[in-house]
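Chains as they are written, first to last, in the working numbering: chain D, 189 to 503; chain R, 8 to 129.
Contents: one structure, followed by commentary.
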Amino acid sequence: MSDTLQTASLEADFDRVIERHDRIEPRDWMPEKYRATLVRQVAQHAHSEIIGMQPEGNWITRAPSLRRKAILLAKVQDEAGHGLYLYSACETLGVTRAELTEKLIAGKQKYSSIFNYPTLSYADVGTIGWLVDGAAICNQVPLCRTSYGPYGRAMNRICKEESFHQRQGFELLLTMMSGTDAQRAMVQESVDRFWWPALMMFGPPDVESPNTAQSMAWRIKRDTNDDLRQKFVDMSVPQAQALGVTLPDAELRWNEERGHYDFTQPDWDEFMAVVKGSGPCNAQRIAHRKRALDEGAWVREAATAFARSQREDAS
Amino acid sequence: MTTGQKFSAGGGHGAIPLEGVSTGLGEPPQPEWPLYEIFVRGKRGLNHVHVGSLHAADDEMAVRHARDVYTRRNEGVSIWAVRADLIVASSPDEKDPLFDPAGDKVYRHPTFYDIPANVPHM
């Protein structure tokens, strides 16, 4: 069989697997563009988990009680774990973790724009749990059914743990809302800052999102950016009411006809600027990641040397 | 049965191709630490089940890392860590002729046999 014929037959097999909603596994033939799209998406997802440790890690030493400190530590440790699940999934596509980290530090691969915003008050820990992890859950639950097996399995584990993240955040805010006027003002100020960046987490509107159609055809992505954003808004409004905070959008109101809330789009120019590197914390986040990598080098080298000496002693 | 391509049982989800993978990332360097596949026994009475993979410098570190990465919420009572390159996989192709002989032997299933409805306990 000629190469062209063989490729056509492999492609037909691949299409049939996708067609019957079955999963692609690492050993299967896949179109190079499918592989490249997945590397890009899963790597970005893994980087987001790892960089996402920084904004909240900022408050570990200053958490107001031992209980809150233990919760925050557990949460940040989970983010590290989520990053590792995803790097493992990405490695099945034929890349190494070292390469991905290198690309991240060189700015050649991205992470979620939300982590380029600073955490200015302790209330931000609660808001990130409620809104940022809430938005992440909207994005991630459909990804459990993504067509690439290893990615779906990683997402399954992550989603199970993510629910703790959202609930601890909401409970933190609820506790502050039943405190003093100053504490309530802190929560409101934090929600005002994070609402718009949280809406941006779903990516640009569908009309400007060229990757969505192909990703949906391959069932890598299961819902469009706009659908997920709408779902998030509809979910958040009653939660905000229960909390007693105001979402900072004067146009936010129930639309009987659509059966959804109408809302204002976030500032997409700001989004593009943050993605391109001009967000408030871009440079700081990458510098910190690089420092952690450099300062940990001697530990990795020592572990490698120890393993080698153990092997030599044994033989 | 084989495609002539090189594969490695890597990444926790079966073998992955070592060549012909265009990621735009250039030739991948050898990872410093070997890859381990991790299996966890959820509770007594159950099999160890594959949960994922990780890199570690040696066997002992693989088990310690597996505890931190895969059992943060009492998910297990026992961990196996297996070097991925020691795993023998059936073949790179999931719908391999290796499994064909089972395909036409429907008589190996209980539902192949018609038993009158009034016969009890069968």
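Heads up, the beta-carbon is just placed ideally off N, CA and C, and yes, glycines get one too.
Computed from a prediction, not measured in an experiment: that's the story for all the values here.
Along the stretch 69-90 of chain R, what residues have a CB closer than 7 Å to any CB found in chain D? Under the 7 Å Cβ criterion, the stretch 69-90 of chain R contributes V76, R79.
Beta-carbon contacts of D92 (chain R) that lie in its chain and below 6 Å, excluding the five residues immediately before and after: Same-chain partners within the cutoff: there are none.
Within 10 angstroms of its Cβ, does V313 (chain D) collect 16 or more other Cβ (buried), or is it exposed? Burial call: buried.
Would Y120 (chain R) be called buried (16 or more neighbouring beta carbons within 10 Å of its own) or exposed? Y120 (chain R) sits exposed, since fewer than 16 C-beta atoms from the chains shown fall within 10 Å of its C-beta.
Less than 8 Å separating the beta-carbons of P454 (chain D) and M388 (chain D)? Cβ atoms of P454 (chain D) and M388 (chain D): closer than 8 Å.
So does the stretch 345-364 of chain D actually touch the stretch 293-300 of chain D, counting three or more Cβ pairs closer than 8 Å? No, the stretch 345-364 of chain D is not in contact with the stretch 293-300 of chain D.
Grab the span of the beta strand (DSSP E) containing W442 (chain D) for me, first residue to last. Residues 441-443.
What residues are listed by DSSP as bridge partners for Y88 (chain R)? Note that residue 88 (chain R) corresponds to Ala in the displayed sequence, not to Tyr. R:I45.
So, at 7 Å on beta carbons, what are the nonlocal neighbours of I206 (chain D) in its own chain, with the 5 sequence-adjacent residues on each side left out? For I206 (chain D), where only same-chain residues beyond five positions count, the Cβ hits under 7 Å are S335, W406, R407.
W40 (chain R) to V58 (chain R) span [Cα, whole Å]: Taking the straight line from one Cα to the other gives about 19 Å.
7 Å CB neighbourhood of L416 (chain D) in its chain, flanking five on each side removed: Result list for L416 (chain D): C326, N327, F390, in chain order.
Determine the direct distance from the alpha carbon of R211 (chain D) to that of E350 (chain D), and round the result to whole angstroms. Cα to Cα, E350 (chain D) sits roughly 24 Å from R211 (chain D).
How far does the beta strand (DSSP E) with H116 (chain R) in it extend, from its first residue to its last? Taken as a continuous stretch (DSSP letters only), H116 (chain R) belongs to no beta strand (DSSP E), as it is neither H nor E.
So for Y299 (chain D), helix, strand or coil by DSSP? Coil, per DSSP.
Under a three-way DSSP split, which group does Y512 (chain D) fall into? Here chain D has residues from 189 to 503 only, and residue 512 (chain D) is not among them.
Tell me whether L193 (chain D) is buried or exposed, calling it buried when 16 or more other Cβ atoms sit within 10 Å of its Cβ. L193 (chain D) sits exposed, since fewer than 16 C-beta atoms from the chains shown fall within 10 Å of its C-beta.
According to DSSP, simplified to helix, strand and coil, what is Y305 (chain D)? In the three-state reduction of the DSSP assignment, Y305 (chain D) falls in the coil class.
Listed by chain order, chain R residues near L272 (chain D) by CB distance under 8 Å: Around L272 (chain D), the beta-carbon contacts reaching into chain R at under 8 Å are L61, V76.
Assuming H235 (chain D) and I346 (chain D) form a contact by the criterion Cβ under 8 Å, report the distance between their Cβ atoms to the nearest whole angstrom. Between I346 (chain D) and H235 (chain D) the Cβ distance is about 14 Å, and since that is not below 8 Å, they are no contact.
Could you name the residues of chain D that E39 (chain R) contacts, counting a contact when the two beta carbons are closer than 8 Å? A286, R488, T492, listed in chain order.
Check H353 (chain D) in the structure and name its three-state DSSP category. Looking at H353 (chain D) - three-state DSSP - the assignment turns out to be helix.
Short CB-CB distance (under 8 Å) between A124 (chain R) and chain D: Closer than 8 Å: no.
For T284 (chain D) versus A64 (chain R), is the C-beta distance shorter than 8 Å? Against a cut-off of 8 Å, the Cβ pair of A64 (chain R) and T284 (chain D) comes out as no contact.
Closer than 9 Å at the beta carbon, the chain R residues around G269 (chain D): Within chain R, the residues near G269 (chain D) are D75, V76, Y77, R79.
Counting beta carbon pairs with one atom in the stretch 227-247 of chain D and one in the stretch 255-270 of chain D, are three or more of them shorter than 8 Å? With a cut-off of 8 Å on Cβ pairs, the stretch 255-270 of chain D is in contact with the stretch 227-247 of chain D, counting three or more such pairs.
Determine, using beta carbons only, whether A109 (chain R) comes closer than 8 Å to chain D. Not an interface residue.
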